[in-house]
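Residue numbering for the sequence shown follows the working numbering, beginning at 69 and increasing consecutively. Just so you know, even glycine gets a beta-carbon here, dropped at the ideal spot from N, CA and C. As the structure is a prediction and not an experimental result, all values here were calculated from the model. As structure tokens, the structure follows; a few thoughts come after it.
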Amino acid sequence: MALNTRAIAANVLTLIAGKGKSLDTVLGKALDPVEDPRDRAFAQELVYGVLRWYWRLLAQLQSLLCRPLRERDRDIEMLLLIGLYQLQYLSTPTHAAVGATVDACVGIKKAWAKRLINGTLRNAVRRAPELDKLVMSSVAKRTAHLEWFVRALQRDWPRYWETMLAADNDYPPCSLRVNARRGSRDEYLQRLMVAGIGARATRYAEHGIRLDKPVPVGSLPGFEQGSVSIQDEAAQLAVDVLDLPDCARVLDACAAPGGKTAHILESPIRQLSVVAIDRFDHRIALLRDTMHRLGLSAVIHRTDAARVNDWWDGVPFERILIDAPCSGSGVIRRHPDIKIHRREEDIPRLVDQQIHLLNSLWLLLKPGGKLIYGTCSVLKAENDEVVSRFIAGGAGIRIDRIEAPWGVATACGRQIITGEEHMDGFYYARLIKE
Ligand SMILES: C[S@@+](CC[C@H](N)C(=O)[O-])C[C@H]1O[C@@H](n2cnc3c(N)ncnc32)[C@H](O)[C@@H]1O
69 MALNTRAIAA NVLTLIAGKG KSLDTVLGKA LDPVEDPRDR AFAQELVYGV LRWYWRLLAQ
129 LQSLLCRPLR ERDRDIEMLL LIGLYQLQYL STPTHAAVGA TVDACVGIKK AWAKRLINGT
189 LRNAVRRAPE LDKLVMSSVA KRTAHLEWFV RALQRDWPRY WETMLAADND YPPCSLRVNA
249 RRGSRDEYLQ RLMVAGIGAR ATRYAEHGIR LDKPVPVGSL PGFEQGSVSI QDEAAQLAVD
309 VLDLPDCARV LDACAAPGGK TAHILESPIR QLSVVAIDRF DHRIALLRDT MHRLGLSAVI
369 HRTDAARVND WWDGVPFERI LIDAPCSGSG VIRRHPDIKI HRREEDIPRL VDQQIHLLNS
429 LWLLLKPGGK LIYGTCSVLK AENDEVVSRF IAGGAGIRID RIEAPWGVAT ACGRQIITGE
489 EHMDGFYYAR LIKE
């Protein structure tokens, strides 16, 4: 069985690192046939762990191999990284880690590689101090990030870049948002206690709870009945930033899977109506599931929100939330494949989309209305720089300062530093139409 979990993890990693697939799309499917929850958890640990430390482990592997492996042997490379990960980060005894990884060659139908894997991993054990030293000379290798990203964080966050890089390699907490329509946070904390699930109230988000340890959603009391949702505390702060008045018509322009749409509708503000948009069918399906589970309703459109003529009925909004598509650089700890996939040249393309959304949707805001621009990015290029470019390009746009006990005030908004109070790295700016 151990053999299968390592082979499955190697296949998943090959799809991600070799074929550019995303973790979310491949992992669930690959784990479906694994019945024992402990095996599933172990395979998942291997995949997440190797992705988290990929650039560091790869640098070490390259120094262990006499020549690079062929492209078609990416799966062997992944198995070797799995071996190194176990040796360096897990408590698996050395002989078991090496032996089981060697055996997994059969699982990926490459029994010929047994000697190569055995020899390389034994070599890694012998040369452990040297391998450690090898990665110490470079921040990028030591922290397992790409060079461009390290440089960007050092430039943008001279005081925080080390903390942020370290937070990217941490295990993220599992946080919940209690559905205020179904009960209070204190009541739900009681239900968790009765269920034997350790948890505490979040510091800043009014309805937030952080679990001591992640649990499967199925074991959360009342999850299916809509008592609670999974949502990071940083994301829950969007509703505070929105500063919702009674009777507001709200546009949630990039809404799926619906975490913030649902939170808006769960709020006690009277007579809110929400138009929720997302561009992709599969994401709209997730949004509909969220609404259905929580018993909420919004007007939903599957379209490009910026193509206003295709969906807007001409009635302006009091509030607009643009939770923009972004690099995801603030949520690397949850999606460590971002470390592999995200390239420097992606940023200008994302910035164009962000500016285009702002320009198109600003016209839909009522005078006196507020637009909230948010990202789960920590890069200034996608945050303050986007907002200041937008302001410079228009008239009657005023920054409405977000006064809050969380995050760091920036030129246009607030940045939550990844890991601050256990939160994801998130950015918010609030603009008023004069
Ligand atoms: C950061 S996610 C939104 C998360 C969501 N607000 C939540 O809290 O659950 C960004 C979403 O924007 C969508 N998107 C990207 N470009 C879009 C566009 N031009 N119009 C509408 N949706 C878009 C993506 O499909 C993605 O679902």
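How would you call residue i, buried or exposed, if buried means at least 16 neighbouring beta carbons within 10 angstroms?
i	result
Q293	exposed
Q112	buried
A78	buried
S445	buried
Q154	buried
Y239	exposed
Q299	buried
S365	exposed
V262	exposed
M69	Note that M69 scores 43 on pLDDT, short of 50, meaning its location in the model is unreliable and no value can be drawn from it.
V115	buried
T93	exposed
K97	exposed
A109	exposed
F348	exposed
V367	exposed
A58	Given a span of 69 to 502 for the chain in the structure shown, any question on residue 58 remains unanswerable.
P101	exposed
K87	exposed
C134	exposed
W225	buried
S405	Sequence inspection shows Asp at residue 405; the Ser mentioned does not correspond to that position. Its Cβ being crowded by 16 or more others within 10 Å, D405 is buried.
K501	buried
S252	exposed
Q128	buried
N451	buried
D143	buried
E255	exposed
L81	buried
At which residues does the alpha helix (DSSP H) containing residue i begin and terminate?
i	result
H163	162 to 175
I415	414 to 430
D320	Unbroken run through D320 is the beta strand (DSSP E), 317 to 320; no alpha helix (DSSP H).
P105	105 to 120
Y256	253 to 262
E230	229 to 236
P197	196 to 204
T358	349 to 362
V454	452 to 460
L147	142 to 157
What residue range does the beta strand (DSSP E) around residue i cover?
i	result
H369	367 to 370
A497	494 to 501
A78	No beta strand (DSSP E) contains A78, which is instead part of the alpha helix (DSSP H) from 70 to 81.
G437	433 to 443
G481	481 to 484
G276	276 to 279
Thinking just about the alpha-carbon of each residue, which of the options is nearest to the one in residue i?
i	options	result
G398	E139, R351, E103, L447	L447
Q258	S205, L279, V419	L279
L119	C134, I150, I144	I150
H350	K328, G363, V367, A324	A324
T268	G251, S243, N186	Position check: residue 268 holds Arg in this sequence, whereas Thr was assumed. Among G251, S243, N186, the Cα nearest to that of R268 belongs to S243.
L132	P105, V102, Q156, T188	T188
T270	M491, L499, E255, D224	M491
R498	G117, A374, A460, R469	R469
M359	D372, I337, D100, L333	L333
K281	G264, S159, V296	G264
D308	K178, F385, K328, G290	K328
E301	L81, I84, L91, I485	I485
V296	N247, L99, R142	N247
L319	L432, V80, M146	L432
P336	P393, R249, R411, H369	R249
G326	R245, I465, L158, D254	R245
G363	G286, E145, D314, F291	F291
R194	H163, A306, G276	H163
R190	A330, H331, F385, P161	P161
Under the criterion of a Cβ to heavy atom distance below 7 Å, does residue i qualify as lining ligand 2?
i	result
F458	Of the ligands this structure carries, namely ligand 1, none is ligand 2.
Taking only beta-carbon positions, decide if residue i is within less than 8 Å of chain C.
i	result
L439	No chain C appears in the structure shown, which is made up of a single protein chain.
Validate contact between the segment 209 to 219 and the segment 115 to 135 using beta carbons, cut 8 Å, 3 pairs:
The segment 209 to 219 vs the segment 115 to 135: in contact.
Under 8 Å, with one C-beta from each stretch per pair, do the segment 200 to 211 and the segment 157 to 173 reach the 3-pair mark?
With the rule of 3 Cβ pairs closer than 8 Å, the segment 200 to 211 does not count as touching the segment 157 to 173.
Cβ pair count under 8 Å reaching 3, the segment 416 to 423 against the segment 473 to 481
Fewer than three beta-carbon pairs drawn from the segment 416 to 423 and the segment 473 to 481 are found closer than 8 Å, and the two stretches are therefore not classed as touching.
Counting pairs of Cβ atoms below 8 Å between the segment 370 to 383 and the segment 343 to 351, do you hit three or more?
Between the segment 370 to 383 and the segment 343 to 351 there are three or more C-beta pairs closer than 8 Å, enough to call the two in contact.
Taking three-plus beta-carbon pairs below 8 Å as touching, is the segment 385 to 395 in contact with the segment 353 to 363?
By the Cβ test, the segment 385 to 395 is not in contact with the segment 353 to 363, since fewer than three Cβ pairs between them sit closer than 8 Å.
If contact is defined by three or more beta carbon pairs under 8 Å, each pair taking one atom from either stretch, is the segment 219 to 239 in contact with the segment 394 to 408?
Yes, the segment 394 to 408 touches the segment 219 to 239.
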